[in-house]
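The listed protein sequences derive, respectively, from chains A and B.
Mind the numbering: the first sequence is residues 2 to 112 in my numbering, read in order.
Mind the numbering: the second sequence is residues 257 to 713 in my numbering, read in order.
Glycine residues also receive a C-beta, built at the ideal position from the N, C-alpha and C atoms.
This one's a predicted model, so the numbers in the text were calculated from it and none came from an experiment.
For reference, the structure is listed below as structure tokens.
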Amino acid sequence: MKTRPDLLDIDQLVSLGDLTGGGVYQIVDDFASCLMDRVAGLRAISGERNMGEMRMAVHQLKGSALSCGFLSVASMLEPDGVGDALDFSGLEACAWESIGAWKRFLSVIRS
Amino acid sequence: MMDKQLQGRILIVEDDVSTRRILSLFCSQQGFQPLECSCSADALRLIEEPVLAVILDLGLPDGDGVELLRKVLEEKPWVPCFILTARDSARVAVECIKAGARDYFTKPVDLAALFSAICDAVKRLNSAAPNTVDSPLASSKDSGWLSKAGRESHVSFLNATASDQPVLMTGEAGTGKVRFAGMIHEAGVNAQGPLRILRIGDPGIGCVEAALFGSAGGGGENPVRGELQRSAGGTLVIHGLEHLSQPLQSKLAEVLNSGQFQQPGSKMTFPVSCRIICTASADLAAEAAVGRFSKKLWFSLKPMHIPLPSLRRRIEDLPVFCEQFITSFCVAAKRPRLSISAPAMEVLLQYDWPGNLDELRHCIEAACRNTEGSIIGTADCPSYLWDPAKRGEGSSALVVGSARIEEMERASLVAALALCAGNRRLVAKRLGVSLRTVYNMLKRHHLAGKRQARDLE
């Protein structure tokens, strides 16, 4: 299966890897490993209707996604728009796809 | 190998763990030492430590990032702050820059650009504002000061930070001796310990001996710790050393030589485990030469003696000080950055600043308050600086002037006495005055000894 070109910012990941001697990949991999848990956490907070907490959690996840090159996930997270229901199904699907894309990228980098 | 100017700590305030880890990793790889935290409260605690720069995320769980930025710059106005945000908002960017941020980056952060900006800012700080604790000047041989006197004091500063020897700083009132002592502490080996200041002559401290050494208490019970113990692991600044009584001068000399001390009323010996920095406004070499200051203490402190120059001796550095004071004022007052007009700067450069940096700071703050626009003009400065009539008629100016002539006369006399080993006739010859004039001068400056009557006979 081919990776959708918009899931990851490959240029950013390669550049980060070059700048850090590959050290950044462990951080991104850690993010990928906990991404589904964080999305589930968002869903739980959303159920509590605590908008302040929700906004902060979305902000943090978006920041992580941007820093780790998970472009599509980041684009689905809008802290100012959390009043409107977040598309959790779409977000989960996008997160799964992005994690898969990341794993493939990592295997290529490490091979 | 990393540029020595850039070694130091960078505070990373970021609640998002992945971004924080990436910044920290890159920071370490660039040779900096990352200090990480995820909230405003921790940031305000960590900013008290020496840091070269701050990377600050705007969205923090316990407060507004812009408000935190203002607080950080109130604490350390010279530290360059770089803002990170997930939102590309021009309004927020303008707000941050107005609040004093050096630059603004949106996520995903271009690490190369961010650290290039940090390195530039640190280098600029190093050359533009050398007298700041967190500036990397502590490891720089290039002080950035324009004046010879400023460069010399910078070299002394570097030497002082490289050792833990006792330091003596002398200089006129207002030359920043205590501040300089704080800088040596923060850049020195005892930076992790406390910095305590004992102001001799301050009525609040009561018995100086007890304040310095503590006391054993009645029957050895309820002992009171003195500043020497309270400063353990850090630095004790003894401010106004010339006001210390002669017996305490001798005792302090013993302490410096032996590295230990006893509390009054106790036989127990305690080790000195802090660095001692003494300051004095008087010329202690001259005072020691005429017996008004302990020679033993003078010779204990002389190896690391840092004479701080008066502002008029380093007038070339005045624009740098102005810049620092304006920045501090604007940050504290939450005002947009001000600049100073060329004519106003000329006025400041023409004045001879008897009150040194303290006087300059007060004048700059007054000028900033008076300025309605963005440029400080001549008329915004206190009128005695630019109105010769007020400068001339002001009694304070005359008093200051005559006081300085007195000081100069006393200094010449003391120096001549030291050079002529106290021989009044040689002193008279050296100064080109009569023997009687020498005695009149000695009397006026309270330097007359018992030999006067015998010599005049």
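- prompt: Based on Cα-Cα distance, which residue from K332/B, E579/B and D271/B lies nearest to K63/A?
  reply: Closest by alpha carbon: D271/B.
- prompt: Between which two residues does the alpha helix (DSSP H) harbouring P503/B extend?
  reply: It spans Q502 to S514 - the alpha helix (DSSP H) in which P503/B sits, taken as one unbroken run.
message: Give me, in chain order, the residues of the same chain whose beta-carbon lies closer than 8 Å to that of L504/B; leave out the 5 immediate sequence neighbours on both sides.
response: So the list reads V464, E465 and L468, once near-sequence residues are dropped.
message: Within a Cβ cutoff of 6 Å, which residues of the same chain sit near A66/A, ignoring the five residues on either side of it in sequence?
response: Setting aside the 5 residues that flank it on each side, A66/A is surrounded in the same chain by V74 and A75, each with a C-beta closer than 6 Å to its C-beta; the list follows chain order.
message: Taking 8 Å as the threshold (beta carbon to beta carbon), is F89/A in contact with chain B?
response: No, F89/A lies away from the interface with chain B (no Cβ there is under 8 Å from its Cβ).
message: Once the 5 residues before and after S651/B are set aside, which same chain residues still bring their CB inside 8 Å of it?
response: Annotation note: pLDDT 37 at S651/B (below 50); position unreliable, coordinate value reported separately. Nothing meets the Cβ criterion.
message: Please report whether the beta-carbon of S274/B lies at a distance below 8 Å from any beta-carbon of chain A.
response: Under the 8 Å criterion on CB atoms, S274/B is classed as interfacial with respect to chain A.
- request: Give the residues of chain A in contact with Q285/B, contact being defined as C-beta atoms less than 9 Å apart.
  value: Under the 9 Å cutoff, chain A gives L20, T21, G22 and G24.
- request: For my contact list, I110/A and Y26/A are in at a C-beta cut-off of 8 Å; report their separation, rounded to the angstrom.
  value: Separation of the CB atoms of I110/A and Y26/A is rounded to 7 Å, and the pair is thereby assigned contact status at 8 Å.
message: Only counting the same chain, and skipping five residues up and downstream in sequence, which positions put a Cβ closer than 8 Å to that of R326/B?
response: The residues are A355, G356, V587 and K590.
message: With a threshold of 7 Å (Cβ to nearest heavy atom), would L567/B be considered close to the ligand SAH?
response: The model on display carries no ligand, and the ligand SAH is accordingly not part of it.
- prompt: Under the rule that 16 or more other beta-carbon atoms within 10 Å means buried, what is C35/A, buried or exposed?
  reply: Taking every protein chain shown into account, the CB of C35/A has fewer than 16 other CB atoms within 10 angstroms, so this residue is exposed.
task: Below 8 Å on the Cβ atoms is my guess for L302/B versus L267/B; work out the distance and round it to an integer in Å.
output: About 6 Å separates the Cβ atoms of L302/B and L267/B, confirming a contact at the 8 Å cut-off.
field: Entirely enclosed alpha helix (DSSP H) segments - the stretch 583-640 of chain B, minimum 4 residues
entry: Entirely contained in the stretch 583-640 of chain B, the alpha helix (DSSP H) runs reaching 4 residues are, in chain order, 598-606 and 612-626.
field: L500/B vs V528/B beta-carbon contact at 8 Å
entry: Judged by their CB atoms, L500/B and V528/B are not nearer to each other than the 8 Å cut-off.
query: Thinking C-beta only, is V493/B closer than 8 Å to V445/B?
result: For V445/B and V493/B, no; Cβs fall outside 8 Å.
message: Along the stretch 318-330 of chain B, where does the CB come closer than 9 Å to a CB of chain A? Name the residues.
response: Within the stretch 318-330 of chain B, no residue has a Cβ lying closer than 9 Å to any Cβ of chain A.
field: Check whether C597/B and I620/B have beta carbons under 8 Å apart
entry: What sits at residue 597/B in the sequence shown is Ser, not Cys. No; because the gap between Cβ atoms is not below 8 Å, this pair is not in contact.
query: Of the choices F71/A, E49/A and V40/A, whose alpha-carbon is the least far from that of V179/A?
result: Within the shown structure, residues of chain A are numbered from 2 to 112, placing residue 179/A beyond reach of any answer.
message: Check this for me: beta carbons of A102/A and L14/A, under 8 Å apart or not?
response: No, Cβ-Cβ distance for A102/A and L14/A is not below 8 Å.
task: Under 8 Å between beta-carbons, which chain A residues line up against P290/B? List them in chain order, please.
output: What P290/B touches in chain A: nothing, since even the nearest Cβ is about 13 Å away.
task: Decide if M37/A is buried, meaning its Cβ has at least 16 other Cβ atoms within 10 Å, or exposed.
output: Exposed, since its Cβ has fewer than 16 Cβ neighbours within 10 Å.
task: Spell out whether any CB of chain B is found under 8 Å from the CB atom of L36/A.
output: By this cut-off, L36/A is not an interface position.
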